[in-house]
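Below: one structure, written as structure tokens.
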Amino acid sequence: MTVPKTAERLRIYIGETDRYRGQSLYHAIVLKAKELGLAGATVLRGLEGYGANSRIHTARILDLSSDLPIVVEIIDEPAKLDRLLPFLDQAVTQGCLITREPVQVYRYHHTTSSDIRARS
Numbered sequence: 017m018t019v020p021k022t023a024e025r026l027r028i029y030i031g032e033t034d035r036y037r038g039q040s041l042y043h044a045i046v047l048k049a050k051e052l053g054l055a056g057a058t059v060l061r062g063l064e065g066y067g068a069n070s071r072i073h074t075a076r077i078l079d080l081s082s083d084l085p086i087v088v089e090i091i092d093e094p095a096k097l098d099r100l101l102p103f104l105d106q107a108v109t110q111g112c113l114i115t116r117e118p119v120q121v122y123r124y125h126h127t128t129s130s131d132i133r134a135r136s
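Numbering (our numbering), first residue to last: 17 to 136.
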């Protein structure tokens, strides 16, 4: 799959305990991005953060939170990201922040099984 040198990064900031149809929301977003043929998605788990409600979520031992911040990042061409937005409107019903910004793609390459064999 190729990604143009100029693309956009879609970032979805949610909570670890957010759910969609019985599964974690971040997992549902990744599955939908894959179904739509987007270039890839990465889920990042935050150590600490707060959002619109100003409640701090943290992984510090003394203040251990069961709802740590999660960021889902997806980079692809704008038209492809647009296809994900209706799903996000439907699935993300709790507090969240969704951002888009232009990015320059330097390299996008996947490892094939022949690449792995060649290294062995």
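All C-beta atoms, glycine included, are put in the ideal place defined by N, C-alpha and C. As the structure is a computational prediction, the values presented were derived from the model and not from experiment.
Check	Outcome
Would you mind sorting G31 into buried or exposed? The rule is 16 or more other CB atoms within 10 Å of its CB.	buried
To the nearest angstrom, how far is the alpha carbon of Y36 from that of Q106?	9 Å
Which partner residues of Q39 appear in the DSSP bridge assignment?	Y36
Over the uninterrupted alpha helix (DSSP H) stretch that includes Y98, give me the two end residues.	Residue identity differs from the one stated: residue 98 is Asp in this sequence, not Tyr. Where D98 is concerned, the enclosing alpha helix (DSSP H) stretches over P94 to D98.
Compare the beta carbon distance of V119 and E24 with 8 Å and say whether it is the shorter of the two.	yes
For L78, does the three-state DSSP call read helix, strand or coil?	Residue confidence for L78 is low, a pLDDT of 49 falling below 50, so the modelled location carries little weight; the figure read from the coordinates is stated next. L78: helix per DSSP, three-state reduction.
Under 8 Å by Cβ, that's how I've got R61 and L84 pegged, so tell me the actual separation to the nearest angstrom.	6 Å
To which residues of the same chain is L54 closer than 6 Å at the C-beta, ignoring the five residues directly before and after it?	I90, D92 and K96
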